[in-house]
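Read the structure below first, then the notes.
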Amino acid sequence: MVLALIGIADLLLSVVMWMIIIQVVLSWLFVFNVLNANSGGLRAFVLALERISAPIYRPIRKILPDFGGIDFSPLVVLILIQVLKKLLAGVALEYQMGV
Numbered sequence: 015m016v017l018a019l020i021g022i023a024d025l026l027l028s029v030v031m032w033m034i035i036i037q038v039v040l041s042w043l044f045v046f047n048v049l050n051a052n053s054g055g056l057r058a059f060v061l062a063l064e065r066i067s068a069p070i071y072r073p074i075r076k077i078l079p080d081f082g083g084i085d086f087s088p089l090v091v092l093i094l095i096q097v098l099k100k101l102l103a104g105v106a107l108e109y110q111m112g113v
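In this text, residue positions in the sequence shown follow our numbering: the first is 15, and each later residue adds one.
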């Protein structure tokens, strides 16, 4: 049961991680005019990703100083996700060794 919960948490963290990576790459493609920002469907997808990720970024953005237009909050969140995934792997290993 515990290992199943750890697996679900790891899966959710992976989904959030990939969502952030996709959002960052798409935002770069918009900034460098590789993709058209006025494209309806793609723009709606990016806005949906931003609405989902905004609550995750908000606490980080309050702590980080302003870097003049560069947002490091996705990077900080990705690092935190990796730390959480490593902690979950350690807990899973300890649980398996103890059982």
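Just so it is clear, CB atoms sit at the ideal spot from N, CA and C, and this is done for glycine as well.
- Per DSSP, reduced to three states, the secondary structure at ASP24 is helical.
- The three-state reading of DSSP puts VAL29 in helix, counting H, G and I together.
- Excluding residues up to 5 positions away in sequence, LEU43 lie with their Cβ nearer than 6 Å to the Cβ of LEU49 in the same chain.
- Contact between LEU40 and ALA106 is ruled out by a C-beta separation of about 33 Å, above the 8 Å threshold.
- Taking every protein chain shown into account, the CB of ILE66 has fewer than 16 other CB atoms within 10 angstroms, so this residue is exposed.
- Scanning its chain for C-beta atoms nearer than 7 Å, with the 5 sequence neighbours on each side dropped, one finds around LYS99 the residues ASP24, LEU27, in chain order.
- Here GLY82 carries a coil assignment [DSSP, helix/strand/coil].
- If you draw a straight line from the Cα of GLY55 to the Cα of ALA62, it comes to about 11 Å.
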